[in-house]
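Read the structure below first, then the notes.
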Amino acid sequence: MVRAWVNRIGGWRRRAPRISRQEALAAIPVRNGQVRWEVNGREEVVLLIPRRQDRLGRLLNRIFAAPEHRQIVLDEIGSEVWQLCDGEHTVDEIIRPLASRHRLSRREVELSLTLYLQQLARRRLIGLMVRR
Amino acid sequence: MPTLKRPKRPTSATRPAPTGGTLVGWRGVTVRVPEDWSPVLVSGEGPSGHLRIASPDSRVLEIKWKEVRGSASVPANLENYRRTLERIARRNRVELTWRLRPKQLTAIRPQRQQPIPYAWEATHRAYGVIWHCPHCLRMVTAEVAGDPDADFSVVPDILRSISDHAEGDWITWALYGLEFEAPKRFQLERTRLKTGHVEFQFRHAGRILWAERWGLARLALKQTDLKTWWTAQWAERLGRYRVEWEEAPVDGHRGLRLIGTERPLPAFTRLLGSLVALQWPAWCLRGYVWECPQSNRILAVTAMQRRGDRVVDEIVARMRCHRDRAP
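Chain order of the listed sequences is U and P. Read left to right, the first sequence gives residues -5 to 126 (my numbering). Read left to right, the second sequence gives residues 3 to 329 (my numbering).
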C-alpha cells in the first residue's frame, strides 16, 4: 500500500521501457509457459491459468475449495491471436493475416491488436520479446 | 509537303491519375494511396484542413490546405515553409538540404495551379509540392516524408492523385473503408472513428444524415440477424420512431430499408424546437442497412428527413461498398 503511494509520487517508480513503433511491430509475443491452453469444440482457445501457490493462495484455495486453474475462454479473433503468439511471429506478422482474413484495414488491426496484446501482457499471459 | 509530327511524350501532368489503392477523402480533398496506408489524422473546419496518412513503414503523407482569397503567392508560401524547416533544423543542430523542382516531380500538377515541387533532407527525406487552386482558392501543401532509405517511388503517383476540391454538388468522403458521396449542402457535424465502427454525421436545415460502417460483419451476424443487430446498435435513436422494415437489396447484397415516423410526443417537442429555428421539422426516418460479404462489413445510411426527401436513396445508389463493382 505504502509502496503504491510512493510509486505514485514517483520516487521509486520503475518506468516501462519506451519502444518505438517499429520496435513494437518487430516484437515477438511469447506465451507464458505456466499457462496451459486447449481448443474447445467451438474452435475457441481456453486458457487454464494456475492459481497462486504461495501460503495465502493455498490457504484461500483450501477454504473456498477453488479449482486448481482459472479458465479464460477467448473469442474467435482472440483465439487466432493466441495461436499466433507462438514465439515465432512478430506483431507485424500477426497483423497481416488478421487484416486480410477479416478484411480490416491495417491500422484498425494494429490498434486493436496492440491493445489486446497489452491486456494479455498485463495479465502476464504473454511477454514481448523486443529486439534492439 | 506533309510533315511527320513526333508524338508528344506524356508528362506526369498529362498522365491519368492512378486508380488503384485506397481512396481517402476528407472535406473535398481526395487522394489515392497504396492499399496498406491508413489515415492517422484528420482535422479541419471551414477553410483549412489537415490530413495525415501513414504507411506501415516510416513514410507519411501530409496534406495541409488553407483557403487564400485575394492574391495568393505560391513562392511566398513555400519560402515561409522553408524558413520554418530551417529554424527547426537549426534548433536540432542538423543540416538541412533543400532542393527546388526535383527531377522526380516534374509536371506533377496542372500548370494553372502554379505548382512548385520541392524536396528536403535532414534526419528524414521528403518530397512535396505546393500549389494554389484557382477554383477552390485553396493553398495546398502535400508532402511525403520518411526515412532517407525508404522507397519514394510511389510519391509521384500519390501527389498526382490528389484532388483539392469536389466537382459538382457531391463531396466524396472516404475513411477506413467507408466510401460515399454526400451532398455539398450537408455540413459535417461529427465523426466517430473507432476501430470496427466509423460514423459520419451531417446536418442541413434540420435534417440529419448518418453514414456508418462496422467491420467484422461475419462475426457480428454469427448468432443474430441484421435487423436485430442493427436495432440493438440504434436502440437509443430508434426509440423516438415507429419503424417499418422492408427487404431491400443494395448493390446485390441482402439489406433492409427502414421507414420511420416520429412518435407523437417527440414529434411535438421537435415541432416546438423547429418553430424557434423557423424550420419545418424533419419527422421521418429513412435508411438502408446492408451486409457486404466481400468486404466483411455492415453499412448503413440513415437520415432524419422530411417526407418525400430522396437524399438517402441517392447516396446509397452512388455508394460503393466493395471493390469489384465497376466505377
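We put the beta carbon where it would ideally sit given N, CA and C, even for glycine.
Measuring alpha carbon to alpha carbon, tell me which of the options ends up nearest residue i.
| i | options | result |
| --- | --- | --- |
| GLY22(P) | PRO104(P), GLN235(P), ILE160(P) and TRP28(P) | ILE160(P) |
| ASP153(P) | ALA144(P), CYS135(P) and HIS126(P) | HIS126(P) |
| LEU240(P) | ARG187(P), PRO268(P) and HIS255(P) | PRO268(P) |
| ARG187(P) | LEU25(P), THR24(P) and ARG29(P) | ARG29(P) |
| GLN189(P) | VAL252(P), PHE202(P) and ARG71(P) | PHE202(P) |
| LEU42(U) | ILE57(U), HIS63(U), GLY27(U) and ARG25(U) | HIS63(U) |
| HIS167(P) | ILE300(P), TRP133(P) and GLY179(P) | TRP133(P) |
| GLY27(U) | HIS96(U), SER99(U), VAL103(U) and GLY81(U) | GLY81(U) |
| ARG209(P) | PRO251(P), GLY257(P), SER165(P) and ARG272(P) | ARG272(P) |
| LEU111(U) | LEU78(U), ARG125(U) and PRO91(U) | LEU78(U) |
| LYS196(P) | ARG92(P), TYR178(P), ARG244(P) and THR263(P) | TYR178(P) |
| VAL26(P) | LEU180(P), TRP100(P) and PHE270(P) | LEU180(P) |
| ASP253(P) | LEU211(P), VAL278(P), ALA222(P) and SER297(P) | SER297(P) |
| PRO266(P) | LEU258(P), ALA279(P), ILE317(P) and PRO283(P) | PRO283(P) |
| TRP122(P) | LEU107(P), CYS135(P), THR263(P) and ALA234(P) | LEU107(P) |
| LEU218(P) | GLN16(U), VAL103(U) and GLN65(U) | VAL103(U) |
| VAL303(P) | TRP236(P), ALA279(P), ARG242(P) and ARG244(P) | TRP236(P) |
Report the neighbours of residue i on chain U: residues whose CB is nearer than 8 Å to its CB, in chain order.
| i | result |
| --- | --- |
| SER50(P) | Those within 8 Å of SER50(P) in chain U number zero; the least Cβ separation is about 24 Å. |
| LEU218(P) | ILE71, HIS96 and LEU98 |
Let me see if you follow: with CB-CB separation under 9 Å, is residue i close to chain P or not?
| i | result |
| --- | --- |
| LEU19(U) | yes |
| GLN16(U) | yes |
| HIS96(U) | yes |
| ASP86(U) | yes |
| ILE71(U) | yes |
Could you list which residues in chain U have their beta carbon closer than 9 Å to that of residue i, in chain order?
| i | result |
| --- | --- |
| ASN94(P) | Neighbours of ASN94(P) on chain U: none; closest Cβ ~18 Å, over 9 Å. |
What separation, rounded to the nearest whole angstrom, lies between the Cα atoms of residue i and residue j?
| i | j | result |
| --- | --- | --- |
| ARG152(U) | LEU50(U) | The structure shown has nothing for residue 152(U), since chain U only spans -5 to 126. |
| GLU183(P) | HIS137(P) | 20 Å |
| LEU274(P) | ARG308(P) | 16 Å |
| TRP231(P) | VAL42(P) | 29 Å |
| VAL313(P) | GLN113(U) | 44 Å |
| ASP48(U) | ASN55(U) | 10 Å |
| ALA305(P) | PRO117(P) | 40 Å |
| GLU246(P) | GLU70(U) | 34 Å |
| LYS224(P) | PRO44(U) | 32 Å |
| GLY289(P) | VAL157(P) | 40 Å |
| ILE261(P) | VAL146(P) | 46 Å |
| LEU102(P) | ARG320(P) | 41 Å |
| THR174(P) | VAL67(U) | 42 Å |
| VAL33(U) | VAL39(U) | 4 Å |
| GLY35(U) | GLU74(U) | 15 Å |
| ALA213(P) | VAL70(P) | 31 Å |
| GLY310(P) | LEU287(P) | 11 Å |
| ARG84(P) | GLU97(P) | 13 Å |
| SER315(P) | PHE204(P) | Note that residue 315(P) is Asp in the sequence shown, not Ser. For ASP315(P) and PHE204(P), the distance between alpha carbons rounds to 16 Å. |
| SER73(P) | PRO112(P) | 19 Å |
| ARG15(U) | GLU249(P) | 46 Å |
Nearest chain U C-beta to residue i closer than 9 Å, yes or no?
| i | result |
| --- | --- |
| ALA56(P) | yes |
| LYS10(P) | Bear in mind that the predicted position of LYS10(P) carries a pLDDT of just 47, short of 50, making it unreliable; the figure below should be weighed with that in mind. Chain U, which has no Cβ nearer than 9 Å to the Cβ of LYS10(P), makes this no. |
| ARG299(P) | yes |
| GLN296(P) | yes |
| GLY241(P) | no |
| GLY262(P) | no |
| PRO41(P) | yes |
| ASP253(P) | no |
| GLY179(P) | yes |
| GLY72(P) | no |
| SER60(P) | yes |
| THR24(P) | yes |
Could you work out which residues of chain U lie near residue i, taking near to mean beta carbons separated by less than 7 Å?
| i | result |
| --- | --- |
| ASP38(P) | ARG100 |
| LEU221(P) | GLU70 |
| GLY208(P) | Near GLY208(P) there are no residues of chain U at all, since even the closest Cβ is about 34 Å away, more than 7 Å. |
| LEU228(P) | The contacting residues do not exist; LEU228(P) stays about 17 Å from chain U at best. |
Counting only Cβ pairs nearer than 8 Å, list the residues of chain P close to residue i.
| i | result |
| --- | --- |
| LEU105(U) | THR197 |
Please look up how many angstroms separate the CB atoms of residue i and residue j, rounded, as I've assumed it's under 8 Å.
| i | j | result |
| --- | --- | --- |
| THR108(U) | ILE22(U) | Not confirmed; about 14 Å, so no contact. |
| HIS199(P) | TRP216(P) | 5 Å |
| VAL131(P) | TRP67(P) | Their Cβ separation, rounded to whole angstroms, is 13 Å, which puts VAL131(P) and TRP67(P) out of contact at 8 Å. |
| TRP39(P) | ILE65(P) | Between ILE65(P) and TRP39(P) the Cβ distance is about 13 Å, and since that is not below 8 Å, they are no contact. |
| ARG100(U) | ILE89(U) | 6 Å |
| LEU122(U) | ALA115(U) | 6 Å |
| TRP292(P) | LEU280(P) | Not confirmed; about 37 Å, so no contact. |
| LEU63(P) | VAL35(P) | 6 Å |
| ALA20(U) | ARG125(U) | 6 Å |
Please indicate yes or no: does the CB of residue i lie closer than 8 Å to some heavy atom of the ligand NAP?
| i | result |
| --- | --- |
| GLU69(P) | Here there are no bound small molecules, and the ligand NAP is not part of this structure. |
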